[in-house]
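Residue numbers (our numbering): 25 to 184. Glycine is no exception: its CB is placed at the ideal position from the N, C-alpha and C atoms. Model, not experiment: these values are computed from the prediction. Worksheet: one structure, shown below.
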Amino acid sequence: MSNDFYTSSILPYSGIIIKICRAYTDTQEDFEDFYQEVCLQIWKSRNAFQEKSKWSTWIYRITLNICLTLSKKKNRKIKREELIKEKSESNLAFENENLNLLYEAIKKLSNVDRAIILLHLEENPYQEIANILGTSSNNIAVRINRIKKQLKIILDGKIN
């Protein structure tokens with residue numbers, strides 16, 4: 025971009041550019057990036073100006089469009105980073121070897137026993153587990169003891 029073009033065609037309208045860029049940014053660094061991109065796009069598209077409107081209107085439209093586009097890109101990037109962070113945090117659940125062994129053992133149980141032990145591991149009271157499964161709390165207590173013994177047998181084979 026030539027210094028002449030910047031001085032004569034952008035600088036006099038920098039107030040418009042600054043106001044719009046400030047409205048769409050939160051940090052000085054983002055502001056500078058947006059401002060620079062707007063100036064670059066004005067320079068690149070200078071030959072497309074058809075003088076159907078005032079130069080200031082054209083600058084306003086370019087600035088607004090660029091800021092909206094960059095904001096959308098920034099928001100998508102932030103969302104992607106959040107998803108990556110969530111995925112890496114969820115992957116931490118699979119890094120604990122003992123926990124992996126426990127889940128592997130739980131998967132070998134019947135569907136009902138699996139439900140019972142998962143509810144028990146969530147520290148639900150026997151009565152609540154019984155209500156969820158439509159049985160008595162005494163039945164749940166007996167089944168939990170049996171499930172624990174079964175898991176111990178499965179895990180002893182894996183650990184030892």
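Taking the alpha carbon of residue i as the reference point, which residue from the options has its own alpha carbon closest?
{"i": "residue 180", "options": "129, 81, 47, 58", "result": "129"}
{"i": "residue 82", "options": "104, 93, 139, 67", "result": "67"}
{"i": "residue 138", "options": "122, 170, 121", "result": "170"}
{"i": "residue 31", "options": "63, 52, 53", "result": "63"}
{"i": "residue 88", "options": "43, 124, 135, 148", "result": "43"}
{"i": "residue 80", "options": "65, 52, 41", "result": "41"}
{"i": "residue 45", "options": "93, 70, 74, 29", "result": "93"}
{"i": "residue 174", "options": "151, 150, 131", "result": "131"}
{"i": "residue 123", "options": "145, 105, 100, 166", "result": "145"}
{"i": "residue 86", "options": "121, 166, 70", "result": "70"}
{"i": "residue 53", "options": "74, 73, 98", "result": "98"}
{"i": "residue 29", "options": "106, 51, 65", "result": "65"}
{"i": "residue 84", "options": "105, 38, 150, 106", "result": "38"}
{"i": "residue 73", "options": "51, 172, 33, 110", "result": "33"}
My understanding is that residue i touches residue j, with C-beta atoms under 8 Å, so please give their C-beta distance in whole angstroms.
{"i": "residue 90", "j": "residue 61", "result": "6 Å"}
{"i": "residue 164", "j": "residue 153", "result": "5 Å"}
{"i": "residue 188", "j": "residue 95", "result": "The structure shown has nothing for residue 188, since the chain only spans 25 to 184."}
{"i": "residue 140", "j": "residue 108", "result": "Contact doesn't hold; Cβ gap of about 36 Å is too wide."}
{"i": "residue 161", "j": "residue 150", "result": "4 Å"}
With 16 as the cutoff for other CB atoms within 10 Å, does residue i come out buried or exposed?
{"i": "residue 59", "result": "buried"}
{"i": "residue 156", "result": "exposed"}
{"i": "residue 102", "result": "exposed"}
{"i": "residue 35", "result": "exposed"}
{"i": "residue 143", "result": "buried"}
Complete alpha helix (DSSP H) runs within the stretch 46-82 (minimum length 4 residues, chain order):
Fully enclosed alpha helix (DSSP H) runs of 4 or longer: 52-68.
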